Each structure stands twice: as C-alpha cells, then as structure tokens.
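The working numbering puts the first residue of the sequence shown at 1, with every later residue one more than the last.
Backbone N, C-alpha and C fix where the C-beta goes; we use that ideal spot for every residue, glycine too.
Please read these numbers as outputs of a predicted model, since none were measured by experiment.
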Amino acid sequence: MRADFLAPNFKTIGSFIMSTAHGIEPTPEIKTKFGGFDSLIGKMQKIVDIEHWRVLTYKAIVVDTNADDARRMAFKRCRNKLVEYGLTVEYAVYAWRIFE
C-alpha cells in the first residue's frame, strides 16, 4: 500500500476508514454517482460518516499536546493526504476507501 511509508497518524486515521467495523452501507445516491459498488469487493464496501471517523480517530491520534486543535489539524492533514493519494473518496458527509 502507498501509505506504508507515512507517519503513524496517517496510518491510524486511514485504518479507521479502511475498517468495515465502523462503516455503513453506501447510500443509493453514492452507489449511483460513484461506480464500483457492484463488484465483489464493492459489495463488501462500507462508507463512514466523516464526523464519526473524526471522533474515533481523535482517540488514537498521537500529538505533542493534548489540545483538540492539534488533533484537528493532524486529522485534517492526514485526511487530505488520503484523498490526494487516491486512497479514499469523500462525498457529502461520507468517506470510503478506494480498493486497488
């Protein structure tokens, strides 16, 4: 995976969205707008509410200070990198992993 060389926070944040334990079924709108949910892997694909993802991730993020602002910034940076590297997609209030 392309994220192997990245910092621990990136892996932590990515692992939550890549887990199906916290996911829900994709909405009909998402299935229509973003193909790929009909494949074998796609049928197992879950999406997560970004706010739920953030709350879970804040519990695991490693930052130099306990300030919520530091966690917020770390989450935002890593979330943006996941999208930039093509590992996740975000739409409305949901995010999900891209399978290669």
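A distance below 8 Å separates the beta carbons of residue 74 and residue 63. In this structure, residue 34 sits near residue 89, with a CB-CB distance shorter than 8 Å.
Contact between residue 23 and residue 55 does not hold, since their C-beta atoms are separated by about 14 Å, which reaches or exceeds 8 Å.
Take residue 45, set aside five residues on each side of it, and the residues of its chain with a beta-carbon closer than 7 Å to its own are 26, 37 and 96, in chain order. Setting aside the 5 residues that flank it on each side, residue 31 is surrounded in the same chain by 37, each with a C-beta closer than 6 Å to its C-beta; the list follows chain order. Collapsing the DSSP output to three states places residue 69 in a helix. Around the beta carbon of residue 57, 16 or more other beta carbons sit within 10 angstroms, so the residue counts as buried.
Listed in chain order, the non-local C-beta contacts of residue 68 below 8 Å within the same chain comprise 58, local neighbours out to five positions each way being set aside. Residues of the same chain with a CB within less than 8 Å of the CB of residue 98, apart from the 5 flanking positions on each side, are 86, 87, 88 and 89 in chain order.
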